[in-house]
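One structure below.
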Amino acid sequence: MINELNSLNIVNVNTPDEIAAHTTLSAASKASILIEALPYIQKFAGKTMVIKYGGNAMISEELKTKVMQDIALMKCIGIKPVIAPIGAGKGETTYNINADYVAAEVAGALQAEKLLMLTTTKGIYTSLDDPKSFLSSIPKADATAMIENGTIQGGMIPKVEAVLHALECGTHRVSIIDGREPHALLLELFTNKGIGTEII
Numbered sequence: 001m002i003n004e005l006n007s008l009n010i011v012n013v014n015t016p017d018e019i020a021a022h023t024t025l026s027a028a029s030k031a032s033i034l035i036e037a038l039p040y041i042q043k044f045a046g047k048t049m050v051i052k053y054g055g056n057a058m059i060s061e062e063l064k065t066k067v068m069q070d071i072a073l074m075k076c077i078g079i080k081p082v083i084a085p086i087g088a089g090k091g092e093t094t095y096n097i098n099a100d101y102v103a104a105e106v107a108g109a110l111q112a113e114k115l116l117m118l119t120t121t122k123g124i125y126t127s128l129d130d131p132k133s134f135l136s137s138i139p140k141a142d143a144t145a146m147i148e149n150g151t152i153q154g155g156m157i158p159k160v161e162a163v164l165h166a167l168e169c170g171t172h173r174v175s176i177i178d179g180r181e182p183h184a185l186l187l188e189l190f191t192n193k194g195i196g197t198e199i200i
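First residue of the sequence shown? That's 1 in full-length UniProt numbering, and the numbers climb one at a time after it.
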């Protein structure tokens, strides 16, 4: 396990900036982070998590590394991470498929504990013009109503419809999170507040 983490620089701090960032936190702060994460580590051990991976998190090399670090850490602590497939065939031919629906189908088929959808938005808002209207958690019935009354619009509609499909198929919970945020998966899974919108 240590070798796997080391290979992804999860436990190594190499540059002066990384060392400074690592040593900025006090011992008490580091302990608080571990204490906050521990119940979630215990809760999710042995559970399947499906990850819809794409967008900026796949294009940026820096973010790509951080996502892979998150997934490696999830595996090391006993979670079963599954990356939903992208549309690719022989000879590296790619196909235009709806990645959200593919991820929803995979999560439902596996009866996943959680589907984590990495996107280019923080999550769901009741008003796009008001950052304070961000919703950290909503029941699926409310999500359905928000589509029907026009609160959820544009490209978020098929995304939320895919979320609802995943829940109907047996996925326990789904989170829409901002894949542009470094270590978004860990922040969503192992902190009390999370960083995205959880639909249950």
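Glycine included, C-beta positions come from ideal geometry on N, C-alpha and C.
Start-to-end residues for the beta strand (DSSP E) that takes in residue i
i   : result
K80 : K80 to I83
Residue span of the alpha helix (DSSP H) that contains residue i, given as start and end
i    : result
I195 : Where I195 is concerned, there is no enclosing alpha helix (DSSP H), given that its DSSP letter is neither H nor E.
E181 : That residue, E181, is in no alpha helix (DSSP H); it is neither H nor E in DSSP.
Close Cβ partners of residue i (< 6 Å) along its chain, the five nearest in sequence each way excluded
i    : result
A41  : First, the amino acid is wrong: residue 41 is Ile here, not Ala. Excluding sequence neighbours, I41 sits near I77.
G108 : A166, C169, G170 and T171
T197 : G123, I124, L135 and I176
P182 : K66
S26  : none
Buried or exposed by the 16-neighbour rule on C-beta atoms within 10 Å, applied to residue i
i    : result
V13  : Residue confidence for V13 is low, a pLDDT of 48 falling below 50, so the modelled location carries little weight and cannot support an answer.
G154 : exposed
L186 : buried
Close Cβ partners of residue i (< 7 Å) along its chain, the five nearest in sequence each way excluded
i   : result
G55 : L118, T119, T120 and G179
Near the ligand NAD: residue i beta-carbon under 6 Å from a heavy atom
i    : result
G170 : Ligands are entirely absent from the displayed structure, and the ligand NAD is therefore not among its contents.
Close-in-space but distant-in-sequence residues of the same chain around residue i (CB under 8 Å, 5 per side omitted)
i    : result
T94  : I86, G87 and A88
M156 : T121 and I124
Alpha helix (DSSP H) runs contained entirely in the region 36–71, provided each spans 4 or more residues: 56–59
Quick test of the definition: if touching needs 3 or more C-beta pairs under 8 Å, does the region 73–89 touch the region 38–49? yes
What are the start and end residues of each continuous beta strand (DSSP E) run of 3 or more residues lying completely inside the UniProt domain "Aspartate/glutamate/uridylate kinase" (79–178), in chain order? 80–83, 114–119 and 173–178
For the region 55–73 against the region 125–140, are there 3 or more C-beta pairs whose distance is under 8 Å? no
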